[in-house]
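Numbering (this note's numbering), first residue to last: 1263 to 1532.
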């Protein structure tokens, strides 16, 4: 599922000396850029890209292989645009909606399929100091989500699946790289069916916001679910910020070219 979406889309500060890790870094001033990489267990085709930030504007360029699509994503506030120069088109939708697009899409198939989310438990804990990443000290934070999903498809009872998702974050406190709806989407794939429930979405957002005071430089998601036949399935995914460079970004990169056709709904076709 990661590839489908991608195609769419107390810190250790005791060291001293010139090689000591940086702690509680302020948000990068003005402009900066970083690269990311998302991989799934057994995957030989990771999702990767480059994020550029200029003031309140964000541009995301995906690394694409064997594709003529030279499109990119622009984000300003809650407005998210998929720009396709090859088609001279711009598709728009809200950034927060995009983060939960899988859950939104699953809700759209009703009444053909109904998802009943129950027994949801979401918690977080500090797991201690993490390793140094990209020259920054990190804190290890763990978020645990457990829930059941009862599925009824076309009037037939498809049974109940039991989910346990443990997400480990290595967060650099005070380092704010801004919201990235694409990375949020990749992270939340495991809880897609639970996102059909508005209460679950709100609780998940609240726990996450309270737990993470900075930007995760590494995220590892361990998903385990037991299907209606009692068979256990497990998956592991990771998302890494692989480089970070603070410096000016060309303003022209963040502008939508004139003359492009504007339409609603995102376009992630290759």
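Note that the Cβ used here is the ideal one computed from N, Cα and C, for glycine as well.
This structure is a prediction, so every number in the text was calculated from the model and none was measured.
For residue 1374, the three-state secondary structure derived from DSSP is coil. Annotated as distal: residue 1434 and residue 1468, with beta-carbon spacing of 8 Å or more.
Taking a C-beta distance under 8 Å as the contact criterion, residue 1357 and residue 1448 do not qualify as a contact pair. With 16 or more other Cβ atoms from the protein chains shown falling within 10 Å of its own Cβ, residue 1344 counts as buried. Distances from the alpha-carbon of residue 1391 to those of 1443, 1402 and 1487 put 1402 closest. Spatial neighbours of residue 1503 in its own chain (CB-CB distance under 6 Å, excluding positions within 5 residues in sequence) are listed in chain order as 1296, 1298 and 1479.
In the three-state scheme derived from DSSP, where H, G and I count as helix and E and B as strand, residue 1513 is classed as helix. The beta carbon of residue 1412 is closer than 6 Å to those of 1378 and 1422 in its chain, skipping five residues each way along the sequence.
In chain order, 1379 place their CB closer than 6 Å to the CB of residue 1459, counting only its own chain and leaving out the 5 sequence neighbours on each side. Taking one beta carbon from each stretch, the segment 1414 to 1433 and the segment 1319 to 1327 have fewer than 3 pairs nearer than 8 Å; the two do not touch.
In the three-state DSSP reduction, residue 1471 falls in the helix class (H, G or I). Bridge partners of residue 1323 according to DSSP: 1312. In this chain, residue 1445 is not harboured by any beta strand (DSSP E); it is covered by the alpha helix (DSSP H) spanning 1443 to 1449. DSSP lists 1425 as the bridge partner or partners of residue 1409. Ranked by how close their Cα comes to the Cα of residue 1452, the residues 1492, 1406, 1437 and 1442 have 1406 in first place. In terms of CA proximity to residue 1508, 1314 leads the group 1327, 1314 and 1310. Judged by their CB atoms, residue 1293 and residue 1510 are nearer to each other than the 8 Å cut-off.
Residue 1395 counts as buried, since no fewer than 16 other beta carbons sit within 10 angstroms of its beta carbon. Taking C-beta atoms as the reference points, residue 1518 and residue 1499 fail to come closer than 8 Å. Excluding five sequence positions before and after residue 1308, the CB atoms of its chain that fall closer than 7 Å to its own CB belong to 1299, 1300 and 1301, given in chain order.
Taking C-alpha positions only, residue 1332 is separated from residue 1347 by approximately 7 Å. By alpha-carbon distance to residue 1337, the top candidate from 1418, 1515, 1465 and 1375 is 1515.
Cβ neighbours of residue 1495 within its own chain (closer than 6 Å, five residues either side excluded): 1487. Cβ-Cβ distances below 6 Å link residue 1523 to 1351 in the same chain, with the five nearest sequence neighbours on each side left out; the list follows chain order. Looking at 1311, 1384, 1353 and 1526, the one whose alpha-carbon comes closest to that of residue 1427 is 1384. CA-to-CA, the gap between residue 1485 and residue 1408 works out to about 10 Å.
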